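*Asks:* Sending over a structure as structure tokens; questions will come in a sec.
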Amino acid sequence: MSDVNRQWLLRARPVGMVKESDFERAETPIPSPGPGEVLVRNTHLAFEPAMRGWMEDRPSYIPPVGIGEVMRGMTVGEVVESNLDGFAPGDRVSGMIGWQEYGLGDAGLTKLPPGVEAPLAMSVLAITGLTAYFGMLDLGEPKAGQTVVVSGAAGATGSVAGQIAKIHGCRVVGIAGGADKCSWLTKEAHFDAAIDYKSEDVGARLSELCPDGIHVYFDNVGGEILNEVLARIAQKARVVLCGAISGYNLEETQPGPANYFNLVIQRGRMEGFIVLDYVSRFAEATEKLLGWVQDGSIAWQADVQKGFENAPKTFLRLFEGANTGKQLLEF
Ligand SMILES: NC(=O)c1ccc[n+]([C@@H]2O[C@H](COP(=O)([O-])OP(=O)(O)OC[C@H]3O[C@@H](n4cnc5c(N)ncnc54)[C@H](OP(=O)(O)O)[C@@H]3O)[C@@H](O)[C@H]2O)c1
Numbered sequence: 001m002s003d004v005n006r007q008w009l010l011r012a013r014p015v016g017m018v019k020e021s022d023f024e025r026a027e028t029p030i031p032s033p034g035p036g037e038v039l040v041r042n043t044h045l046a047f048e049p050a051m052r053g054w055m056e057d058r059p060s061y062i063p064p065v066g067i068g069e070v071m072r073g074m075t076v077g078e079v080v081e082s083n084l085d086g087f088a089p090g091d092r093v094s095g096m097i098g099w100q101e102y103g104l105g106d107a108g109l110t111k112l113p114p115g116v117e118a119p120l121a122m123s124v125l126a127i128t129g130l131t132a133y134f135g136m137l138d139l140g141e142p143k144a145g146q147t148v149v150v151s152g153a154a155g156a157t158g159s160v161a162g163q164i165a166k167i168h169g170c171r172v173v174g175i176a177g178g179a180d181k182c183s184w185l186t187k188e189a190h191f192d193a194a195i196d197y198k199s200e201d202v203g204a205r206l207s208e209l210c211p212d213g214i215h216v217y218f219d220n221v222g223g224e225i226l227n228e229v230l231a232r233i234a235q236k237a238r239v240v241l242c243g244a245i246s247g248y249n250l251e252e253t254q255p256g257p258a259n260y261f262n263l264v265i266q267r268g269r270m271e272g273f274i275v276l277d278y279v280s281r282f283a284e285a286t287e288k289l290l291g292w293v294q295d296g297s298i299a300w301q302a303d304v305q306k307g308f309e310n311a312p313k314t315f316l317r318l319f320e321g322a323n324t325g326k327q328l329l330e331f
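Numbering (the numbering used here), first residue to last: 1 to 331.
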């Protein structure tokens, strides 16, 4: 084992579209675990669109990453040295160790379930799958026979959210960028229909595919697509605000959706959430999600890029729509 720990630090607060030059490389000695700690050698890093927000110095649900600090991120790795009861060298663990090859963890680390490899442990069974689960079930409250629309539908969160609605007997329409993603949704991921927002008129297609209105909208993108959906909600619709990636790299805040008043006319509800509020129920959700993956009700994809040096480039793929499923990097 080399004695150097390669890291990616936050170099600058991004302005507009996040850039590779907003990050910088560093090399430090590999740390030694203290009492109650383990040393982990990371093998995989997961990327979230929310990281773009963590790079900004503004009030949020989590403190910003400081300039010069290791970029925050969830990893899977192997325990190399342990001073923590219950953890031994060779154990496969996940935790928020960040964009670095080695890091220290404590009792907050989670062991990977037996037989589960990193891509599944970091996607359907991690933050994005859990977000889909609680957002769709607790806020969306899908009922059999209802029409559910999901944006960012071919992504890690959206694909699972749509399939959970399908499991609950809904008709599910996904909105995604490009023919390949739309084809995966209807052929592999159990969606009833898909709209390619890059080549189709989203409003016209929604009217065609949802003639009785939209009962649940799981929104990952915000912006104009949210506005088009609001114009077509059914009575008592639930609009679940999960994310708004279309605005994450804009310098100016987007205006609110012009069609919001339709929530009044249709007695609808629009509600945001942060998955971290559900930590006490993660075990319940993980068990359900694993069962659905094992019985084939949830199809999933992980996009595993390679090479520690490619971390910033891999992060940018989320905003280019280049990722097919959960964006990961294998070191
Ligand atoms: N509330 C929470 O607690 C919580 C937790 C986790 C994630 N989230 C949110 O969930 C959403 C999905 O996250 P994820 O990790 O699953 O990522 P993802 O969907 O796997 O990847 C991001 C996708 O967003 C789409 N996209 C990028 N730029 C876009 C734009 N300008 N307009 C429309 N679509 C765009 C791209 O798909 P296309 O090719 O289809 O454009 C891209 O593949 C994000 O908004 C994220 O912030 C929320």
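From the three backbone atoms N, C-alpha and C, an ideal C-beta is built for every residue, glycine too. Owing to the predicted nature of the structure, the values given are computational and were not obtained by experimental measurement.
(1) Hey, how far is the Cα of Gly-158 from the Cα of Gly-177?
(2) So Gly-100 and Arg-6 are supposed to be a Cβ contact under 8 Å. How far apart are they, rounded?
(3) Taking three-plus beta-carbon pairs below 8 Å as touching, is the segment 36-51 in contact with the segment 98-112?
(4) Report the three-state DSSP secondary structure of Val-202 (helix, strand or coil).
(5) Apart from the five residues just before and just after Pro-31, which ones in its own chain have a Cβ nearer than 6 Å to its Cβ?
(6) Does the count of Cβ pairs from the segment 112-127 and the segment 52-72 closer than 8 Å reach three?
(7) Between Ala-153 and Gly-174, is the Cβ-Cβ spacing less than 8 Å?
(8) Using only the alpha-carbon positions, how far apart do Met-136 and Ala-161 sit?
(9) With a floor of 3 residues, list each beta strand (DSSP E) that falls wholly inside the segment 58-126, ordered by position along the chain.
(10) Would you list, in sequence order, the uninterrupted beta strand (DSSP E) runs of no fewer than 3 residues that lie entirely inside the segment 205-277?
(11) Look up Ala-144 in the DSSP assignment and say whether it is helix, strand or coil.
(12) Any heavy atom of ligand 1 inside 7 Å of the beta-carbon of Ile-298?
(13) Relative to ligand 1, is the shortest distance from any of its heavy atoms to the C-beta of Thr-333 smaller than 7 Å?
*Replies:* By the coordinates alone:
(1) 12 Å
(2) Sequence check: residue 100 is Gln here, not Gly. Indeed they touch by this definition, with Cβ atoms about 7 Å apart.
(3) yes
(4) helix
(5) Leu-104
(6) no
(7) yes
(8) 6 Å
(9) 75-82, 92-95 and 102-105
(10) 214-219, 233-241 and 269-272
(11) coil
(12) no
(13) Since the first and last residues shown for the chain are 1 and 331, residue 333 lies out of range.
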